[in-house]
Amino acid sequence: MLYIVGTPIGNLEDTSLRQARTIASSDIILAEDTRSAHTLLEYIKKSFQLQITALKIIPYYKEKEFERLPGIIEMLEDGKNISLISESGMPLISDPGYLLVQQAIRRGIPFTVIPGPTADITALVHCGFELKNYVFFGFLPKKKNDVIKTFEKARQVSLILDHGPVVFYESPNRINESLRVLDSIVPSVRVCVCRELTKKFEEVVRGIPKELSEKIYRGEIVLIVSF
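Start counting at 1 in the sequence shown, then tack on 40, and there's your number in this note's numbering.
Here it is as structure tokens:
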């Protein structure tokens, strides 16, 4: 059985009992980041008083996803209970797991989802924009011209959806430049930048692109734009 397990996006106290029990009772854990997986396992043992039965933790990040797939499918077909976890949040949401789920569906391998927090939904609730609908674009591209095209495409989609906000993930190293690009396209648009959500230094700032582009950002960033 395959379990797709959500994990905290920053605060380990957001770990649910169901998540903890599922991970603790798995034969194998597929982890996008093994260091954060070990930290989570230690927290589960200490806070939930659960015995960890996993035989091993297998690194399962984007570059290894295709290579590891046949072996994982074989283990699932042999009856192993396997949990897939991201470094934080829900697997498959801008994280590895799509290929594995597709193969599970094609081969009739049973799987279920153990839900947990995601940065995009948490940021949307923080932003203060009307949420009749929204669009998730994932990570912004690295090249400036591609960022311009992405923002223009997002603006068109938002207009079709009656100005629903658009959510992006962005690196702290590029967020200021992305905000400057946004300012050059739609300077008066409302923007919300969320960083380090659920962590000690959580910060949410709102304004227009130009004023927010002058701030210094560190940590994991979610950008929400209300076109």
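Positions of the beta carbon are idealized from the N, C-alpha and C atoms, including for glycine.
Bear in mind the structure is a predicted one, so any value in this text is a computation, not a measurement.
What are the boundary residues of the alpha helix (DSSP H) that includes residue i?
i           : result
residue 161 : 159-167
residue 55  : Counting along the chain, residue 55 falls outside any alpha helix (DSSP H), and DSSP gives it neither H nor E.
residue 138 : 138-147
residue 184 : 184-200
residue 87  : 74-88
residue 106 : 105-117
Measure the beta-carbon distance from residue i to residue j and round it to whole angstroms, keeping in mind my assumption that it falls under 8 Å.
i           : j           : result
residue 265 : residue 194 : 7 Å
residue 226 : residue 247 : Rounded, the Cβ-Cβ distance is 13 Å, inconsistent with contact.
residue 187 : residue 221 : 5 Å
residue 125 : residue 71  : 6 Å
Relative to the alpha-carbon of residue i, which residue among the options has its alpha-carbon at the smallest distance?
i           : options            : result
residue 170 : 202, 248, 76, 92   : 202
residue 122 : 190, 172, 153, 218 : 153
residue 10  : 45, 224, 218       : Residue coverage of the chain in this structure runs from 41 to 267, which leaves residue 10 outside it and unanswerable.
residue 52  : 93, 198, 81        : 81
Could you spell out the range, first to last residue, of the beta strand (DSSP E) harbouring residue i?
i           : result
residue 125 : 122-125
residue 247 : 243-247
residue 95  : No beta strand (DSSP E) contains residue 95, which DSSP labels as neither H nor E.
residue 221 : Per DSSP, residue 221 belongs to no beta strand (DSSP E); it is in the alpha helix (DSSP H), 215-225.
residue 281 : Nothing about residue 281 can be reported from this structure: the residues present for the chain run from 41 to 267 only.
To which residues does DSSP link residue i through a beta bridge?
i           : result
residue 256 : Its beta-bridge partners do not exist; DSSP assigns none.
Stretch pair the stretch 202-212 + the stretch 172-184: three plus CB contacts closer than 8 Å: yes
Spell out a yes or no on whether the stretch 81-88 and the stretch 123-139 are touching, meaning 3 or more CB-CB pairs, one atom from each, closer than 8 Å. no
Okay, do the stretch 48-66 and the stretch 100-119 touch, 3+ Cβ pairs below 8 Å being the bar? no
Answer yes if the stretch 143-158 comes into contact with the stretch 93-102, meaning at least three C-beta pairs across the two stretches below 8 Å, and no otherwise. no
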